[in-house]
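The structure appears below as structure tokens.
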Amino acid sequence: MDYPLRSGEKAKLLRQTSLQLQRSRQTPLSVHLTGLIEQELLDTLLAVSSRWQSATLRLEQCNYHYIFTSRADFTILKELSLQFHSYNGYNGDAAGFVQSLPALVDFTLHMFYEYIPRGFESLWPRLLVCTLVKCRTADILRILPLFSPETRVSLVGCVADRDGGLAPVQSAISALSLNSCCNDFITGFLKVVAAPRLKKFVMSECYPTLPSIAAFLSDSSCTLTHLALSVATLSGLLTLLALPHTCHICALDIDFQWSTPSAPIIDALATRDIVPNLRSFTLRNCDSIEDAGILALHTSRQPILQQLWLQRCTNGLTLSRTALQALKSDGLEVVIFEYLDYW
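When you line the sequence shown up against the working numbering, it's residues 1 to 343, in that order.
Structural data, given as structure tokens:
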């Protein structure tokens, strides 16, 4: 539901919403609200808050304050996304609202670089999935130690704070994804964070130096099973893959940026004793993929390598039909994709 609407449209929308809620009886609801929402419509939706199963809210501060203080009960709300505006954020306390979310396990918070409101502290330890978008470094470092080992954490579009130094923190998380974060943020983040239980590590559209990633893994003393990287240069990549912290990787995902050639890493995996337990290999944004290199990779890695995921090359081609048939008949699952989420 998007506002602003003319008065006649608002009345019509309110009638339609009320009728829809009556007809749907006790069916769980997926709620999407954007902009400045009239209080009468909010009241109508909050009256059935116990039916909200997922919600995406991009509201004004006054709407958030009304919801957070409404005493509504969101008993089955499992997935929630809150997006605050860059010019005002939210300066209230969300503690009461958080207490009304007993089932919430998937939370996305978009702060536009404003500070996270008070009151969310009790929420972080019980989340299974948490995505923090354009949040401040100080808030992120304060929250990370509160997550449980089961939490999958994604940091999106984050930049470094301008004020003060960063104190070291340790987190129990097992899965961490950094997406489209600036290098200053990543450099500072990797220096002060340790994640000894980390198993799955994704860096998408982020380009820190590979030695800084190696230092982070060493400081964390973790053992990765899944690694995804966007690479703009192959310098240091093979060294990274030969570390004790990466030798147990079973799933490797490489996104080749800025026309970085894929052949050297494919050839290295076919000829060198690195990541010996590799079962799934994903290649993204390749300029081209040579049949001979992939066939050699399969031959040297069988029967351990079981899946090969190939994004359609920038020239529109992938492997030849002959090579694809040979690989599949030999037991390798090959998937050609346009878009694929990370783990």
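Each residue gets a CB set at the ideal place from its N, CA and C atoms; glycine is no exception.
Exercise for the section: Determine the extent of the alpha helix (DSSP H) in which residue 41 is found, giving its start and end residues. Expected result: Taking the first residue of the sequence shown as position 1, residue 41 is located at position 41. Residues 39-46.
Exercise for the section: Answer yes or no: do residue 204 and residue 232 have a C-beta to C-beta separation smaller than 8 Å? Expected result: As a working note, residue 204 is residue 204 in the sequence shown. As a working note, residue 232 is residue 232 in the sequence shown. No, the Cβ-Cβ distance between residue 204 and residue 232 is not below 8 Å.
Practice task
Determine the DSSP secondary structure at residue 249, reduced to helix, strand or coil.
Solution key: By 1-based counting over the sequence shown, the position of residue 249 is 249. In the three-state reduction of the DSSP assignment, residue 249 falls in the coil class.
Practice task
For residue 306, name the three-state secondary structure that DSSP assigns.
Solution key: Sequence index remark: in the sequence shown, residue 306 carries index 306 (1-based). Coil.
Exercise for the section: Check whether the Cβ atoms of residue 296 and residue 270 sit closer than 8 Å, and answer yes or no. Expected result: Position 296 of the sequence shown, counted from the start, is the residue given in the question as residue 296. Position 270 of the sequence shown, counted from the start, is the residue given in the question as residue 270. A contact, by the Cβ cut-off of 8 Å.
Problem - Minimum C-alpha distance to residue 262 - residue among 174, 175 and 294 - result: Reading the sequence shown from its first residue, position 262 is the one you call residue 262. Taking only the C-alpha atoms, the option nearest residue 262 is 294.
Practice task
Might you give, ordered along the chain, the residues of its own chain that have their beta carbon closer than 8 Å to the beta carbon of residue 147, omitting 5 neighbours on each side?
Solution key: Within the sequence shown, the letter at position 147 stands for residue 147. If we look at residue 147 and ignore the five residues flanking it on each side, its Cβ neighbours are 124, 125, 127, 130, 153, 171, 172 and 173.
Practice task
Can you give me the Cβ contacts of residue 168 inside the same chain, cut-off strictly under 8 Å, excluding the 5 residues immediately before and after it?
Solution key: Indexing the sequence shown from 1 puts residue 168 at position 168. Counting only residues of its own chain and dropping the five nearest sequence neighbours on each side, residue 168 has a CB closer than 8 Å to the CB of 192, 193 and 194.
Problem - Pairwise C-alpha distance: residue 37 and residue 3 - result: One-based indexing of the sequence shown puts residue 3 at position 3. One-based indexing of the sequence shown puts residue 37 at position 37. With a pLDDT of 48 at residue 3, under the threshold of 50, the modelled position of this residue cannot be trusted; read the value that follows with caution. If you draw a straight line from the Cα of residue 3 to the Cα of residue 37, it comes to about 7 Å.
Practice task
Classify residue 61 as helix, strand or coil using the three-state DSSP reduction.
Solution key: Taking the sequence shown and counting its residues from 1, the one referred to as residue 61 is at position 61. For residue 61, the three-state secondary structure derived from DSSP is helix.
Exercise for the section: Could you tell me the boundaries of the beta strand (DSSP E) in which residue 239 lies? Expected result: Translated into the one-based positions of the sequence shown, residue 239 becomes position 239. For residue 239, no beta strand (DSSP E) segment is defined; the enclosing uninterrupted segment is the alpha helix (DSSP H) at 237-241.
Exercise for the section: In the DSSP assignment, find the unbroken alpha helix (DSSP H) run with residue 346 in it and report its ends. Expected result: Residue 346 falls outside the range modelled here, since the chain spans only 1 to 343, and no answer is possible.
Problem - Strand pairing of residue 55, partner residues [DSSP] - result: Residue 55 sits at position 55 when you count from the first residue of the sequence shown. 31 and 80, per the DSSP bridge assignment.
Practice task
For residue 99, I'd like the list of residues in its chain whose CB is within less than 8 Å of its CB, leaving aside the five on either flank, ordered along the chain.
Solution key: As a position in the sequence shown, residue 99 is number 99, starting the count at 1. Once the five neighbours on either side are set aside, the close Cβ partners of residue 99 are 122.
Practice task
Mind listing, in chain order, the continuous beta strand (DSSP E) runs of no fewer than 3 residues lying wholly within the segment 192-225?
Solution key: Those beta strand (DSSP E) runs which fall completely within the segment 192-225 and span 3+ residues are 200-204.
Handout entry: Straight-line gap, residue 182 to residue 40 (C-alpha atoms, nearest Å)
Key = The count along the sequence shown starts at 1 and reaches residue 182 at position 182. The count along the sequence shown starts at 1 and reaches residue 40 at position 40. Distance between residue 182 and residue 40, taken at the CA atoms: about 42 Å.
Practice task
Starting from the Cα of residue 113, find the closest Cα among 92, 315, 84 and 103 and give me that residue.
Solution key: Residue numbering aside, residue 113 sits at position 113 when the sequence shown is read from its first letter. Cα-wise, what sits closest to residue 113 is 84.
Practice task
Quick one: grab the DSSP three-state call for residue 186.
Solution key: Stepping through the sequence shown from its first residue, residue 186 is reached at position 186. Helix.
Problem - residue 112 - containing alpha helix (DSSP H), residue span - result: As a first step, residue 112 is located in the sequence shown; it is residue number 112 there, counting from the start. First-last for residue 112: undefined, no H or E at that position.
Practice task
Could you spell out where the alpha helix (DSSP H) holding residue 98 opens and where it closes?
Solution key: As a first step, residue 98 is located in the sequence shown; it is residue number 98 there, counting from the start. Annotation for residue 98: the continuous alpha helix (DSSP H) segment containing it runs 95-99.
Problem - Reduced DSSP secondary structure (H/G/I, E/B, other) of residue 3 - result: Counting from one through the sequence shown, the residue named residue 3 turns up at place 3. Low per-residue confidence applies at residue 3: pLDDT is 48, beneath 50, and the placement is therefore not dependable enough to give any value.
Problem - Backbone secondary structure at residue 325 - three-state DSSP - result: Indexing the sequence shown from 1 puts residue 325 at position 325. In this structure, residue 325 counts as helix in the three-state DSSP scheme.
Problem - residue 200 to residue 16 span [Cα, whole Å] - result: The residue labelled residue 200 in the question sits at position 200 within the sequence shown. The residue labelled residue 16 in the question sits at position 16 within the sequence shown. When rounded, the distance between both Cα atoms is 45 Å.
Practice task
Would you give the residue range spanned by the beta strand (DSSP E) that residue 270 belongs to?
Solution key: Along the sequence shown, one-based indexing puts residue 270 at 270. Counting along the chain, residue 270 sits inside no beta strand (DSSP E); it lies in the alpha helix (DSSP H) bounded by residues 263-271.
Problem - Selected residue, minimal CA-CA separation from residue 249, among 281, 256, 272 and 221 - result: Walking along the sequence shown from the start, residue 249 turns up at place 249. The alpha carbon of residue 249 has as its nearest neighbour, out of 281, 256, 272 and 221, the alpha carbon of 281.
Problem - Three-state secondary structure (DSSP) of residue 333 - result: The residue labelled residue 333 in the question sits at position 333 within the sequence shown. Residue 333: strand per DSSP, three-state reduction.
Exercise for the section: Quick one: measure Cβ to Cβ for residue 289 and residue 246, integer angstroms, because I've assumed they're closer than 8 Å. Expected result: On the sequence shown, position 289 is the one that residue 289 refers to. On the sequence shown, position 246 is the one that residue 246 refers to. Actually they do not touch by this definition, with Cβ atoms about 23 Å apart.
Exercise for the section: Kindly identify the DSSP beta-bridge partner or partners of residue 311. Expected result: The sequence position of residue 311 within the sequence shown is 311, counting from 1. For residue 311, which the question treats as bridged, DSSP gives the partners 337.
Practice task
Could you tell me the boundaries of the beta strand (DSSP E) in which residue 103 lies?
Solution key: Counting from one through the sequence shown, the residue named residue 103 turns up at place 103. Unbroken run through residue 103: none, as it is neither H nor E.
Problem - Inter-residue spacing [alpha-carbon to alpha-carbon] between residue 258 and residue 208 - result: Position 258 of the sequence shown holds residue 258. Position 208 of the sequence shown holds residue 208. The alpha-carbon separation between residue 258 and residue 208 amounts to approximately 15 Å.
Handout entry: Extent of the continuous alpha helix (DSSP H) to which residue 132 belongs
Key = Your numbering for residue 132 matches position 132 in the sequence shown. Unbroken run through residue 132 is the beta strand (DSSP E), 129-133; no alpha helix (DSSP H).
Practice task
Just the C-alpha distance for residue 137 and residue 166, rounded to the nearest angstrom, thanks.
Solution key: Within the sequence shown, numbered from 1, the residue matching residue 137 stands at position 137. Within the sequence shown, numbered from 1, the residue matching residue 166 stands at position 166. So the two alpha carbons sit approximately 9 Å from each other.
Problem - Of the residues 188, 63, 178 and 143, the one placed nearest residue 372, counting alpha carbons only - result: What is shown of the chain runs 1 to 343, which leaves residue 372 out entirely.
Exercise for the section: Identify the continuous beta strand (DSSP E) that holds residue 152 and give its terminal residues. Expected result: Here residue 152 is taken as the residue at index 152 of the sequence shown, counted from 1. Where residue 152 is concerned, the enclosing beta strand (DSSP E) stretches over 152-156.
Handout entry: Nearest residue (CA-CA) to residue 321, options 61, 291, 340 and 331
Key = Here the question's residue 321 lines up with position 321 in the sequence shown. If we check each option's Cα against that of residue 321, 291 comes out closest.
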